[in-house]
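Below you'll find the structure, written out as structure tokens, and then a few comments.
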Amino acid sequence: MKKLRIGIDAQAVGTNFSGNEIYIKNVIKHLGGHDRFEYVLFVNENYNYAGDFTDSSLRMTRFKSRSPFIRLPIEFPYKINRESLDLLHVQYTGPFFASCPVVSTIHDISFEHYPEYFTKKEAVLLKYGVRKTAKEAAKIITVSEYSKQDIIDTYGVPEDKVAVTYNSIDTSFQVEKDAAKVEAVRSKYGIEGEYVLAVGNLQPRKNIPRLLQAYRSIRDGNPNVTDKLVIVGRKAWLFDSIFDALKGFKYIQDVIITDYVPKEDLPLLYNGAKLFVYPSIFEGFGLPVLEAMACGAPVVTSNTSCLPEIAGGAALLTDPFRTEDIAGGILKLLTDSRLRQEYSRKGLARAGEFSWEKTARQTMDIYASVV
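Put into structure tokens, the structure is as follows:
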């Protein structure tokens, strides 16, 4: 029987671009069905994939242009034809023209609700490109029931066109029993004493200025609280407000911004944290919530978008628009060791409910349903 050729847009791999890269890299790694499918990965020209994909059956083809104005209308359609694809899987935006059915993973549509959190150019490109792709795609994959309903309501697509495949986390996110490894990473980033951890690309949606206000409020009202605030994340876009908030910040000596950290360090930073806080305004899934849970860190996160769904009752929820509510949630866990233990236990159980194997298996079922 002739195998079906599945093209996968893997341009996000190698960019250190957080959730999008983690998702597609892990789906590709766990894809099977080689008796039915053969896979063609579209990667960036300068990407060295040797350390990411060891499956020799994966064919790679490289884009020459990084510009979406050349890649989407010209280069992508040409490559689809040349590869004789039966189906193409993209993230968010597909090529302007495709000679085969397209499946698009749309993680969230925050740009529709909060365009001010994106650069003007990016907001316009996303609104036009994702709307067009959502209308024309044979199937849409998304990563939470919240995002599914949001896509249906916003784009007016039929319910049966949108399928949910939950994300998961890498097995490196686990409780670390070797205290020396945790201590070594703390020392590497200059972290002395106990700390509250926040993880996420530095961009407006992550709500870091309000987190800083909440931290200042906690310290002002509770002299006995001396925990550091450690923020892990690379500079993404529109991050100036974060650094503006740090100018003259009263407790600047206790705030550490690490920038991007290597994947081997992140689980250890979660392990060392007294608690993890994720006050994001809008998410499609919120991978750091599960990562922290898998490492045993008690979690404070937002009561908006998909986050209550993903937390599944295993995190303390707060209103991300109210600084005092964020502060109250953090303080509640900081000062109650029994409550921290309870949320740590619940979080470990919740994180164990997700797997990339299941995500990949569901993705292959979607491919089969389309072609």
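Per our numbering, numbering of the sequence shown is gapless, rising by one per residue and ending at 371. Glycine residues also receive a C-beta, built at the ideal position from the N, C-alpha and C atoms. None of the values given here were measured: they were computed from a predicted structure.
Item                                                                                                           : Value
Those runs of the beta strand (DSSP E) which lie wholly inside the segment 97-179 and span at least 3 residues : 102-105, 139-142 and 162-164
Contact set for E38: own chain, Cβ-Cβ below 6 angstroms, skip 5 residues either direction                      : K3 and R5
Backbone secondary structure at R62 - three-state DSSP                                                         : strand
H34 in three-state terms, based on DSSP                                                                        : coil
Inter-stretch contact at 8 angstroms, needing at least 3 Cβ pairs: the segment 313-328 / the segment 142-161   : no
Delimiting residues of the alpha helix (DSSP H) encompassing F76                                               : F76 to E83
First through last residue of the beta strand (DSSP E) which encompasses F376                                  : In the structure as shown, the chain starts at 1 and stops at 371, and residue 376 therefore has no counterpart that could be examined.
Beta-carbon proximity check, V102 vs P95, cutoff 9 angstroms                                                   : yes
Rounded Cβ spacing between Y195 and K161 (contact assumed at less than 8 angstroms)                            : Incorrect: roughly 44 angstroms between the Cβ atoms, too far for contact.
Sufficient close CB pairs (3 or more, under 8 angstroms) joining the segment 228-237 to the segment 249-265    : yes
Option nearest G328 by Cα separation, candidates N167, H89, Y47 and R210                                       : R210
Contact under 9 angstroms by Cβ, A236 with I208                                                                : no
Beta carbon of F42 nearer than 9 angstroms to that of I8                                                       : yes
Beta-carbon proximity of Y215 to V255, cut-off 9 angstroms                                                     : yes
Three-state class that DSSP yields for A214 in the structure shown                                             : helix
Under the three-state DSSP convention, the category V371 falls into                                            : coil
For T323, the first and last residue of its enclosing beta strand (DSSP E)                                     : Here T323 belongs to no beta strand (DSSP E); instead the alpha helix (DSSP H) covers T323 to L334.
Same chain, Cβ closer than 6 angstroms to A315, five either side skipped, listed in chain order                : V299 and T301
Span of the beta strand (DSSP E) around D259                                                                   : V255 to D259
Y343 - containing alpha helix (DSSP H), residue span                                                           : S337 to A351
Coil, strand or helix - T301 by DSSP                                                                           : strand
For D55: DSSP bridge partner residues                                                                          : None, per the DSSP bridge assignment.
Residue closest to E145, alpha-carbon to alpha-carbon, out of A134, E291 and I106                              : I106
For D178 and A10, the rounded distance between their alpha carbons                                             : 35 angstroms
C-beta atoms of K250 and D220 nearer than 9 angstroms                                                          : yes
Those residues which DSSP pairs with G7 across a bridge                                                        : V40 and L88
Residues near T226 by beta carbon distance below 7 angstroms, same chain, minus five either side               : G193
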